[in-house]
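Input: a single structure, listed below in structure tokens.
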Ligand code: GDP
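Residue numbers (the numbering used here): 247 to 612.
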């Protein structure tokens, strides 16, 4: 009877005859509920299970560890900060593996979003990096939304192989992995860690079936694009915590909106119209006349126009002006790491941001 019990950590059949073979547990533990084998026990208790951050060298080592493995990749990104959370070297990790793009924190976007358009935009953006995901899944790891869809997609594409979850730090990988464990095993603590061969990096394994595992790879650290200009505390006000409320500004031509003191959009021409802003609810948006905008920015940065509250590192010499013309229906002007503005077609705008911040247009997801 007992020989059919499996370790809930690694799936090996439990036995108490051979201490050096897989699935060994002392006889005394064999009849307990939720037994893990000695190896898993040791990994769990003597190797700290932590999500270690990695710099890019470590990451390259990990890449080499993964590239010759079989399996599929789940790439987790932050739907509110795609550019900032996307691993640019992902194509190399993935190689010929199938990939599922999982966009987390969907709960931050207003409920009225058009999910199909969000998915299309993510697919198009991935393609720009040479990535062709089998599936794109919208998720909220904290709210539990989309978890079932992700599990189904994984089962559909993994073909009995291992699954590697990759993502930058802060995209919500730990939260997701805990969810997946709860949903799939109904247990909170069944993970063990293992090393990526040839490296000192730990990965966390979750058993999927008798031969396959899901590996939670360590998060790749990627500095937020606004890190250079704001404090960690201010970064928290820029990054939304709750569902974003739209803020509508009826603008006349030649008016400007400031997003804190970090970015601005000048509305040049296109008649009186609404600019619908989607930014962290805590970020102050200030409207002014275009003719006053330059001077106001210089004088009020750190004051009326904050964050940054301490603008020593905000270099007015290193700003970028991006001229845009909205087309075909509505478009979203995206300011990477900050938010987006929905504008109907036929508007001419200029966005000014620090030079390393990306500004792009997409067909509106609203
Ligand atoms: P990791 O660094 O990728 O492991 O990320 P964590 O799981 O530690 O999450 C980073 C931050 O994002 C935490 O503050 C989480 O509460 C938050 N977070 C994770 N998932 C979600 C989500 O689905 N929605 C929202 N709004 N926040 C999330």
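We put the CB at the ideal spot given by N, CA and C, even for glycine. Fair warning: this is a prediction, and the values are worked out from it, not measured in the lab.
Who are residue i's beta bridge partners in DSSP?
i           : result
residue 493 : 523
residue 321 : 347, 412
residue 597 : 511, 568
residue 502 : 512, 534
residue 453 : 459
residue 606 : 580
residue 586 : 524, 580
residue 252 : 259
residue 386 : 391
residue 381 : 346
residue 614 : Because the chain spans 247 through 612 in this model, residue 614 falls outside it and cannot be assessed.
residue 270 : 261
Would you say residue i lies against chain D (beta-carbon separation less than 8 angstroms)?
i           : result
residue 498 : Of the chains in the structure shown, none is chain D; there is only one protein chain.
Less than 8 angstroms separating the beta-carbons of residue i and residue j?
i           : j           : result
residue 407 : residue 318 : yes
residue 460 : residue 409 : yes
residue 507 : residue 593 : no
residue 615 : residue 607 : Residue 615 lies beyond the range of the chain shown here (247 to 612); nothing can be said about it.
residue 578 : residue 610 : yes
residue 580 : residue 605 : yes
residue 380 : residue 403 : yes
residue 392 : residue 322 : no
residue 418 : residue 582 : no
residue 497 : residue 521 : yes
residue 427 : residue 511 : no
residue 523 : residue 514 : no
residue 598 : residue 564 : no
residue 399 : residue 346 : yes
residue 252 : residue 271 : no
residue 548 : residue 556 : yes
Alpha carbons only, please: which of the options is nearest the one belonging to residue i?
i           : options            : result
residue 352 : 486, 473, 274      : 486
residue 281 : 503, 475, 259      : 259
residue 313 : 332, 321, 326, 340 : 340
residue 600 : 418, 463, 590, 561 : 561
residue 450 : 476, 420, 472, 498 : 420
residue 366 : 484, 349, 334      : 349
residue 534 : 315, 269, 501, 565 : 501
residue 554 : 481, 346, 379      : 481
residue 424 : 413, 387, 399      : 387
residue 405 : 277, 454, 548, 556 : 454
residue 327 : 355, 492, 276      : 355
residue 372 : 335, 269, 268      : 335
residue 574 : 589, 540, 567      : 589
residue 376 : 332, 483, 399      : 332
residue 342 : 363, 316, 495      : 316
residue 344 : 370, 395, 401      : 401
residue 596 : 378, 539, 576      : 539
residue 503 : 536, 472, 395, 547 : 536
residue 369 : 395, 612, 325, 394 : 325
residue 495 : 488, 472, 519, 474 : 519
Please find out if some non-hydrogen atom of the ligand ADP comes closer than 7 angstroms to the beta-carbon of residue i.
i           : result
residue 354 : In the structure shown, the ligand ADP is absent; the only ligands present are the ligand GDP.
| said: Report the start-end ranges of each beta strand (DSSP E) in the segment 324-376 that is 3 residues or longer and not cut off at the edges. | reply: 345-350
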